[in-house]
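Participant: Take this structure, written in structure tokens, and hold onto it; I'll ask about it next.
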Amino acid sequence: MSNFAFNNPAFQQQDPRNVATYPGAPQAAQGAQTASFQHAAMDATVNAQLEGMYASPSAGSLETDRMSVEDTVWKTAGLFGILLVTAAVGWVWTLGGVTFNPYAGVSMLPWIIGALGGFVLAMVVSFTSRKKVRPALIFAYAAFEGLFIGGISAFFERIWPGIVMQATVATVAVVAVTLVLFATGLVRASKKATKVFLIAMGGYLVFSLLNLVLMWTGVVKDAFGLHGAPSPLFGLPWGLLIGVLVVIMAAYSLVMDFDQIQQGVRNGAPRKYGWLGAFGIMVTVVWLYVEILRMIAIARGNN
0 MSNFAFNNPA FQQQDPRNVA TYPGAPQAAQ GAQTASFQHA AMDATVNAQL
50 EGMYASPSAG SLETDRMSVE DTVWKTAGLF GILLVTAAVG WVWTLGGVTF
100 NPYAGVSMLP WIIGALGGFV LAMVVSFTSR KKVRPALIFA YAAFEGLFIG
150 GISAFFERIW PGIVMQATVA TVAVVAVTLV LFATGLVRAS KKATKVFLIA
200 MGGYLVFSLL NLVLMWTGVV KDAFGLHGAP SPLFGLPWGL LIGVLVVIMA
250 AYSLVMDFDQ IQQGVRNGAP RKYGWLGAFG IMVTVVWLYV EILRMIAIAR
300 GNN
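Have a look at this one:
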């Protein structure tokens, strides 16, 4: 899976022979009425009810209390609204004391608070989502991620003016293209591709941890660590080559998110599970934005 948030039976393919096991799952229908006189007595009532149903508008997620794609989209928009508000706070907080020196007066506190708070809340939401959905924790996660995004964006923008707009446009483009490819059925998650994705993710996590250790110990002096080191391919930094692969992984992660949301809708998951779908998308999009931001910074830093 792309996110631990989807580690819930509500987003898994259900065996039609079994009753779904997640809280609020639709239960198996009771035995059908068999007495002929009962059918005859109910025909008129049923026909009238059917006519009324066809004449009325389709029931939405509010009426059915079931998860829907549209409702999940609105929840996702709400979370990103929270993120943008706190990102503005993080931006202003970070640049509050900036002078003409790009590094002087920059506060990294919002960046650190946002990163730590977001990580802790992401772990809590992910590992408790199997038992209970807690929207309040997801709201708090969006708020902390906003501080982180606002802080790191302001820091990079001060050094490389215009980089935030470039990263934002690139992120929106990747998300839009991925969504179109998924909606048209040209791209779908598969077991084979998911295995490759998980292996690649494992390798990237090991590389990232090694890079952090080398930077903290002073073995690698570059501001981006191994990402900024030149590669054998035309002298391009490793960060650009690895970044392309990471963007592809993030795009496939989005495909998995969309697929699991659709599965939740097909399973008739309760409406509250839409918050988990929105949370999963936010995790992936934030990851994608940060990777693109770093790629552009490395590219501009080598020009």
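The sequence shown begins at 0 in numbering that gives the first Met the number 0 and counts up by one. C-beta: ideal position from N, C-alpha, C; glycine also.
1. Where does Pro160 sit, in a helix, a strand or coil, going by DSSP?
2. Does the region 273 to 281 come within contact of the region 202 to 211, defined as at least 3 CB pairs closer than 8 Å?
3. So does the region 131 to 149 actually touch the region 78 to 86, counting three or more Cβ pairs closer than 8 Å?
4. Determine contact between the region 119 to 126 and the region 181 to 195, defined as no fewer than three beta-carbon pairs at a distance below 8 Å.
5. Could you tell me which residues DSSP puts in a beta bridge with Arg65?
6. Under the three-state reduction of DSSP, which class applies to Gly217: helix, strand or coil?
7. Cα separation between Val176 and Val186?
8. Is the beta carbon of Ala87 less than 8 Å from the beta carbon of Gly161?
9. Opposite Pro229 in the DSSP bridges: which residues?
10. Are Trp110 and Ile151 touching if we call contact CB-CB under 8 Å?
11. Extract the residue ranges of the alpha helix (DSSP H) inside the region 82 to 157, only unbroken runs of 4 or more that lie entirely within it.
12. Measuring alpha carbon to alpha carbon, tell me which of Ala249, Leu211, Gln165 ends up nearest Ala298.
13. Count the other C-beta atoms from every protein chain shown that fall within 10 angstroms of the C-beta of Val173, then say buried if there are 16 or more, exposed otherwise.
14. Using only alpha-carbon positions, find the residue among Gly89, Phe126, Lys131 that is nearest to Ile112.
15. Would the region 257 to 273 and the region 223 to 235 be scored as touching if the rule is three or more Cβ pairs under 8 Å?
16. Within 10 Å of its beta-carbon, does Ile295 have 16 or more other beta-carbons around it, so buried, or fewer, so exposed?
17. How long is the line joining the alpha carbons of Gly77 and Val218, rounded to whole angstroms?
18. Out of curiosity, what's the CA-to-CA distance linking Ala192 and Lys74?
19. Apart from the five residues on each side of it in sequence, which residues of its chain come closer than 7 Å, Cβ to Cβ, to Thr85?
20. Apart from the five residues just before and just after Tyr288, which ones in its own chain have a Cβ nearer than 8 Å to its Cβ?
21. Look at the alpha carbon of Lys131 and the alpha carbon of Tyr272, and state the distance between them as a whole number of angstroms.
22. Suppose the cutoff is 6 Å on Cβ atoms and the five residues either side in sequence are ignored; what does the same chain contact list for Leu94 look like?
23. Looking at Gly242 and Arg293, is the spacing between their C-beta atoms short of 8 Å?
24. Return the chain-ordered list of same chain residues with a C-beta closer than 8 Å to the C-beta of Gln261, the five sequence neighbours on each side being excluded.
25. Rounding to the nearest angstrom, what Cα-Cα distance links Trp159 and Ala114 in this structure?
Facilitator: Reading from the atomic positions:
1. Residue 160 sits at position 161 when you count from the first residue of the sequence shown. Three-state result, Pro160: coil.
2. no
3. yes
4. no
5. Within the sequence shown, numbered from 1, the residue matching residue 65 stands at position 66. Partner(s): Pro269.
6. For the purposes of this step, residue 217 is taken as the residue at position 218 of the sequence shown. In this structure, Gly217 counts as coil in the three-state DSSP scheme.
7. As a first step, residue 176 must be located in the sequence shown, where it is residue number 177. As a first step, residue 186 must be located in the sequence shown, where it is residue number 187. Looking at the two C-alpha atoms, the distance is approximately 11 Å.
8. For the purposes of this step, residue 87 is taken as residue 88 along the sequence shown, with counting starting at 1. For the purposes of this step, residue 161 is taken as residue 162 along the sequence shown, with counting starting at 1. The answer is no: Cβ separation not under 8 Å.
9. Taking the first residue of the sequence shown as position 1, residue 229 is located at position 230. Pro229 is bridged to Pro236.
10. The residue you call residue 110 lines up with position 111 of the sequence shown. The residue you call residue 151 lines up with position 152 of the sequence shown. Yes, they are a contact pair.
11. 108 to 127
12. Indexing the sequence shown from 1 puts residue 298 at position 299. Looking at the Cα atoms, Gln165 is the closest of the given residues.
13. Translated into the one-based positions of the sequence shown, residue 173 becomes position 174. Its Cβ being crowded by 16 or more others within 10 Å, Val173 is buried.
14. The residue given as residue 112 occupies position 113 in the sequence shown. The shortest C-alpha separation from Ile112 is found at Gly89.
15. no
16. Position 296 of the sequence shown, counted from the first residue, corresponds to residue 295. With 16 or more other Cβ atoms within 10 Å, it is buried.
17. As a first step, residue 77 must be located in the sequence shown, where it is residue number 78. As a first step, residue 218 must be located in the sequence shown, where it is residue number 219. The alpha-carbon atoms of Gly77 and Val218 are separated by roughly 43 Å.
18. Here residue 192 refers to the residue found at position 193 when the sequence shown is read from its first residue. Here residue 74 refers to the residue found at position 75 when the sequence shown is read from its first residue. Whole-angstrom Cα-Cα distance: 28 Å.
19. Stepping through the sequence shown from its first residue, residue 85 is reached at position 86. Closer than 7 Å at Cβ, skipping near neighbours: Ala142, Gly145, Leu146, Gly149.
20. In the sequence shown, counting from the first residue as 1, residue 288 sits at position 289. Here the set comprises Ile148, Ala166, Thr167, Thr170.
21. Walking along the sequence shown from the start, residue 131 turns up at place 132. Walking along the sequence shown from the start, residue 272 turns up at place 273. Approximately 9 Å between the Cα atoms of the pair.
22. Numbered from its first residue, the sequence shown carries residue 94 at position 95. Closer than 6 Å at Cβ, skipping near neighbours: Ala153.
23. Position 294 of the sequence shown, counting from 1, holds the residue named residue 293. Position 243 of the sequence shown, counting from 1, holds the residue named residue 242. Contact flag set, yes.
24. Locating residue 261 in the sequence shown gives position 262, counting from the first residue. Hits under 8 Å: Val68.
25. The residue labelled residue 159 in the question sits at position 160 within the sequence shown. The residue labelled residue 114 in the question sits at position 115 within the sequence shown. C-alpha separation (whole angstroms): 22 Å.
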